[in-house]
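S.K.: Please read through the structure below; I'll follow up with questions.
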Amino acid sequence: MKILVCISNVPDTTSKINFVDENTLFDTNGVQFIINPNDEFGLTRAIWMKQQQSAEVTVVTVGDNSCESTLRKCLAIGADNAIRIDLKPTDGFQVAKQLARICQETIYDIIIAGRESIDYNGAMVPGMLAALLDYNFVTNCVALDVEGENAQASREIDGGIEIISCQLPLIIGAQKGLVEEKDLIIPNMRGIMQARQKPLKVIEPTEDEIKSSILKFEKPIPKGEVKLVPADDIDQLIDLLHNEANVI
Amino acid sequence: MSVIIYAESENGKIKKSAFELASYGYEIASEMNVPLIAVTFNQDEVESLGTYGIEKVIKFKGPSISNFTALQYAENIALIAKENEAKIIILSSSANAKYLAPKLSITLSAGYASNVIALPEKLQPLTVKRTCFTNKAFNFCSLSNEVNIVGLSNNSYEIKENPKSIEIIEKDSSSTETTLKVEKLEKSSGKVTIADADVVVSGGRGLKGPENWHLIEDLADTLGGATACSKPVSDMGWRPHSEHVGQTGKPVASNLYIAIGVSGAIQHLAGVNSSKVKVVINNDPEAPFFKAADYGIVGDAFEVIPKLTKKLKEFKSK
Numbered sequence: 001m002k003i004l005v006c007i008s009n010v011p012d013t014t015s016k017i018n019f020v021d022e023n024t025l026f027d028t029n030g031v032q033f034i035i036n037p038n039d040e041f042g043l044t045r046a047i048w049m050k051q052q053q054s055a056e057v058t059v060v061t062v063g064d065n066s067c068e069s070t071l072r073k074c075l076a077i078g079a080d081n082a083i084r085i086d087l088k089p090t091d092g093f094q095v096a097k098q099l100a101r102i103c104q105e106t107i108y109d110i111i112i113a114g115r116e117s118i119d120y121n122g123a124m125v126p127g128m129l130a131a132l133l134d135y136n137f138v139t140n141c142v143a144l145d146v147e148g149e150n151a152q153a154s155r156e157i158d159g160g161i162e163i164i165s166c167q168l169p170l171i172i173g174a175q176k177g178l179v180e181e182k183d184l185i186i187p188n189m190r191g192i193m194q195a196r197q198k199p200l201k202v203i204e205p206t207e208d209e210i211k212s213s214i215l216k217f218e219k220p221i222p223k224g225e226v227k228l229v230p231a232d233d234i235d236q237l238i239d240l241l242h243n244e245a246n247v248i
Numbered sequence: 001m002s003v004i005i006y007a008e009s010e011n012g013k014i015k016k017s018a019f020e021l022a023s024y025g026y027e028i029a030s031e032m033n034v035p036l037i038a039v040t041f042n043q044d045e046v047e048s049l050g051t052y053g054i055e056k057v058i059k060f061k062g063p064s065i066s067n068f069t070a071l072q073y074a075e076n077i078a079l080i081a082k083e084n085e086a087k088i089i090i091l092s093s094s095a096n097a098k099y100l101a102p103k104l105s106i107t108l109s110a111g112y113a114s115n116v117i118a119l120p121e122k123l124q125p126l127t128v129k130r131t132c133f134t135n136k137a138f139n140f141c142s143l144s145n146e147v148n149i150v151g152l153s154n155n156s157y158e159i160k161e162n163p164k165s166i167e168i169i170e171k172d173s174s175s176t177e178t179t180l181k182v183e184k185l186e187k188s189s190g191k192v193t194i195a196d197a198d199v200v201v202s203g204g205r206g207l208k209g210p211e212n213w214h215l216i217e218d219l220a221d222t223l224g225g226a227t228a229c230s231k232p233v234s235d236m237g238w239r240p241h242s243e244h245v246g247q248t249g250k251p252v253a254s255n256l257y258i259a260i261g262v263s264g265a266i267q268h269l270a271g272v273n274s275s276k277v278k279v280v281i282n283n284d285p286e287a288p289f290f291k292a293a294d295y296g297i298v299g300d301a302f303e304v305i306p307k308l309t310k311k312l313k314e315f316k317s318k
């Protein structure tokens, strides 16, 4: 079984978000980059399939060479090899197109990508990739079992769970629940040493088509002071919510 | 040419988000001087859509759409989009809408922007404001394609009445061959979901244990709202992770968000940024959440919540 895990290199969840060049560019100054959390849940699930079902796990990212430390971390966690498509992405469709090419050259049984990245939150790459390849697709995936040619996957829906069965190949949009936070693998020294020897292939992008572009960024207007209400004056809070905020 | 909305329904009723899409779509369609069309699936009553500016409803029926499937629904919407030369297709931010949007985008070679929070800045080329960095920032995104898809964030556009007489067309759904089958749907009936809720009541570690969650549930029930929790609470297994709101959990865009015993980690604050009014109850006056709140009470959750629930019940019965 061959598994491809698509990785996005994103700012750490605690990062302060700032912009430069007249708010047209994300300010990476002092920002630590990590594996997109939704991708990491997926990667961990893939490593389990490697351990239990002897799957081969490849990780891929579309990005410039600043993404390589994140890819090395994926290798240290247990992926067998890595691919970097040398293109700084600006659009989800563009990423899906680049990934589709990799998947046409090598057939993967399961392709895992985070349901969305925590930086641009486009939530489109896995679904577009599935549509381009005409593969089965389950997003917001919180459980996955694969046996032979068949898979069962659970999708978190608004207010419940949907259990889906299908044949491989399958693309899933991973999220928390597929594995839990405590299941995430922290690379040990042996893993880190081995990662240095594992293959990381850099390939050139093909045709570069985009469907959207970001013109500029904006930060939210800072909030005014909080209005504190004494704990023994609940009536005042209800009055404020009713008459001032108009929410009850 | 036309503007199309995918009007979602549940238990025989059109969802509130569909009326938001209709109101939003009406502004765009009027500006473009084209008709506004709604697509529904397995929904009998559609006349209410006319109140919000819809001129034509395409009702899909048939065995292949008895359950939602992204593939089949996307194919049907794409068909209507092609027949009516849609320029803009507007979807909600529900789990289902986000599931089918990428498929629809590829089928129609359309651009797609999710998490859009306002009317377009410009129609030529289509330029929309959307949230990014999990609500820590916004970006203006331009989509220069023949057809574009806008994913509108729930609760970001106010419902407006624009009564129209509607034409209703029934259509049988096509049936695409696929090995993908929905085996089972487990849904808690009658419960308000975080995605659809006007009010969300959220509990953190300050609640001390899952056995105290009836306090959160009672308060949420009183307000007709949904319950949610912080990341540590879901990590410790006190609550299901489907209730976890924050950067790696669910975003919340309710009118009112009440956080109790939640300190307000930056990731949690990001997830709830789109909520309009935030109330924080915490016994620690230094809790970072107070800086992001509109109203706050410094006090013991176990004393404040029952009092608040009781007073709200009295208020509601007035």
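Chains as they are written, first to last, in the working numbering: chain A, 1 to 248; chain B, 1 to 318. The beta-carbon is built from N, C-alpha and C at its ideal position, and this holds for glycine as well.
For the region 36–124 of chain A, which segments carrying the alpha helix (DSSP H) assignment without a break, of at least 4 residues, lie completely within its bounds, in sequence order?
M.R.: For the region 36–124 of chain A, whole alpha helix (DSSP H) runs of length 4 or above, ordered along the chain, are 37–53, 68–77, 92–105.
S.K.: Using 8 Å as the cut-off, can you tell me whether the region 221–238 of chain A makes contact with the region 309–318 of chain B, which would need three or more C-beta pairs spanning the two stretches below that distance?
M.R.: Counting Cβ pairs under 8 Å, three or more are found: they touch.
S.K.: If you draw a straight line from the alpha carbon of F68(B) to that of N36(A), how long is it in whole angstroms?
M.R.: For F68(B) and N36(A), the distance between alpha carbons rounds to 29 Å.
S.K.: Which ranges would you report for the beta strand (DSSP E) in the region 111–156 of chain B if only whole runs of at least 3 residues count?
M.R.: Correct list: 111–116, 126–132, 137–143, 148–152.
S.K.: Does chain A have any CB closer than 7 Å to the CB of C132(B)?
M.R.: Chain A, which has a Cβ nearer than 7 Å to the Cβ of C132(B), makes this yes.
S.K.: Could you please give the first and the last residue of the uninterrupted beta strand (DSSP E) stretch that includes G173(A)?
M.R.: Taken as a continuous stretch (DSSP letters only), the beta strand (DSSP E) holding G173(A) covers 170–174.
S.K.: Please state whether DSSP places D221(B) in a helix, a strand or coil.
M.R.: D221(B) falls in the helix class under three-state DSSP.
S.K.: Can you check whether the CB of T70(A) is closer than 7 Å to the CB of L184(A)?
M.R.: Cβ distance not < 7 Å, so L184(A) and T70(A) don't count as in contact.
S.K.: Measuring straight from C-alpha to C-alpha, what distance separates S263(B) and V280(B)?
M.R.: Taking the straight line from one Cα to the other gives about 9 Å.
S.K.: Please check if any C-beta of chain B sits within less than 7 Å of the C-beta of A231(A).
M.R.: Yes - at least one Cβ of chain B is within 7 Å of the one on A231(A).
S.K.: Using a beta-carbon distance below 7 Å, is N42(B) in contact with chain A?
M.R.: Taking Cβ atoms only, chain A never reaches closer than 7 Å to N42(B), which makes this a no.
S.K.: Using a Cβ-Cβ distance cut-off of 7 Å, determine whether N136(A) contacts chain B.
M.R.: True, the Cβ-Cβ gap to chain B drops below 7 Å.
S.K.: Mind checking which residues open and close the beta strand (DSSP E) that includes N150(A)?
M.R.: That run of the beta strand (DSSP E) goes 150–157.
S.K.: Among the residues of its own chain, which have a CB less than 7 Å from the CB of A86(B), if the five just before and after it don't count?
M.R.: The residues are S2, V3, I4, V147.
S.K.: So with Cβ pairs under 7 Å, would you call G127(A) a contact of chain B?
M.R.: Chain B contact via Cβ: present.
S.K.: Strictly under 7 Å for the Cβ-Cβ distance: is L304(B) near chain A by that measure?
M.R.: Position check: residue 304(B) holds Val in this sequence, whereas Leu was assumed. V304(B) counts as touching chain A.
S.K.: With DSSP collapsed to three states, give me the class of T139(A).
M.R.: Three-state DSSP puts T139(A) in a strand.
S.K.: Identify the contact partners of F33(A) in chain B, using a Cβ-Cβ distance below 8 Å as the criterion.
M.R.: Here the premise fails: no neighbours, minimum Cβ distance about 13 Å.
S.K.: Whole angstroms are fine: how far does the CA of S17(B) sit from the CA of K161(B)?
M.R.: Note on residue identity: the sequence assigns Glu, not Lys, to residue 161(B). Rounded to whole angstroms, E161(B) to S17(B) spans 14 Å at the Cα level.
S.K.: Among A151(A), E181(A), V62(A), G159(A), which one has its Cα closest to the Cα of I172(A)?
M.R.: Measuring from the Cα of I172(A), the nearest candidate turns out to be A151(A).
S.K.: Contact between the region 245–261 of chain B and the region 198–206 of chain B: three or more CB pairs below 8 Å?
M.R.: The region 245–261 of chain B is in contact with the region 198–206 of chain B.
S.K.: Return helix, strand or coil for I216(B), following the three-state DSSP convention.
M.R.: In this structure, I216(B) counts as helix in the three-state DSSP scheme.
S.K.: Step through the CB atoms of chain B and report whether any lies within less than 7 Å of the CB of T14(A).
M.R.: Yes, T14(A) lies at the interface with chain B (some Cβ there is under 7 Å from its Cβ).
S.K.: Return the chain-ordered list of same chain residues with a C-beta closer than 6 Å to the C-beta of T14(A), the five sequence neighbours on each side being excluded.
M.R.: So the list is empty, once near-sequence residues are dropped.
S.K.: Within its chain, find whatever has a CB closer than 7 Å to the CB of L108(B); leave out the 5 residues flanking it on each side and keep chain order.
M.R.: Only A78, A81, V147 meet the Cβ criterion.
S.K.: Along the beta strand (DSSP E) that carries Q4(A), what are the first and last residues, could you check?
M.R.: The question names Gln, but residue 4(A) is Leu in the sequence shown. Here the beta strand (DSSP E) through L4(A) covers 2–6.
S.K.: Do you know offhand how far L178(A)'s Cα is from G42(A)'s?
M.R.: Computed Cα separation, rounded: 7 Å.
S.K.: Against chain B, does G122(A) count as a neighbour if the rule is that its beta carbon must be under 7 Å from one of theirs?
M.R.: Closer than 7 Å: yes.
S.K.: If you reduce the DSSP assignment to three classes, tell me which class S189(B) lands in.
M.R.: If DSSP states are grouped into helix, strand and coil, S189(B) belongs with coil.
S.K.: Using a Cβ-Cβ distance under 7 Å, would P102(B) count as near chain A?
M.R.: For P102(B), the answer is yes, since a Cβ of chain A falls inside 7 Å of its Cβ.
S.K.: Please state whether the Cβ-Cβ distance between S153(B) and S93(B) is less than 7 Å.
M.R.: Result yes, Cβ atoms of S153(B) and S93(B) sit closer than 7 Å.
S.K.: Whole angstroms are fine: how far does the CA of V5(A) sit from the CA of V125(A)?
M.R.: Their backbone Cα atoms lie some 12 Å apart in a straight line.
S.K.: How far does the beta strand (DSSP E) with V199(B) in it reach, from first residue to last?
M.R.: Counting along the chain, the beta strand (DSSP E) containing V199(B) begins and ends at 199–203.
S.K.: Can you give the Cα-Cα distance for E183(B) and I163(A), rounded to whole angstroms?
M.R.: The straight-line gap from Cα to Cα measures roughly 5 Å.
S.K.: Output, in chain order, the set of chain B residues within a Cβ distance shorter than 7 Å of N249(A).
M.R.: Residue 249(A) is absent from the structure shown; chain A starts at 1 and stops at 248.
S.K.: In chain order, what residues of the same chain have a beta carbon less than 8 Å from the beta carbon of S144(B), not counting five sequence neighbours either side?
M.R.: Excluding residues within five positions, the ones whose Cβ falls inside 8 Å are G111, P125, L126.
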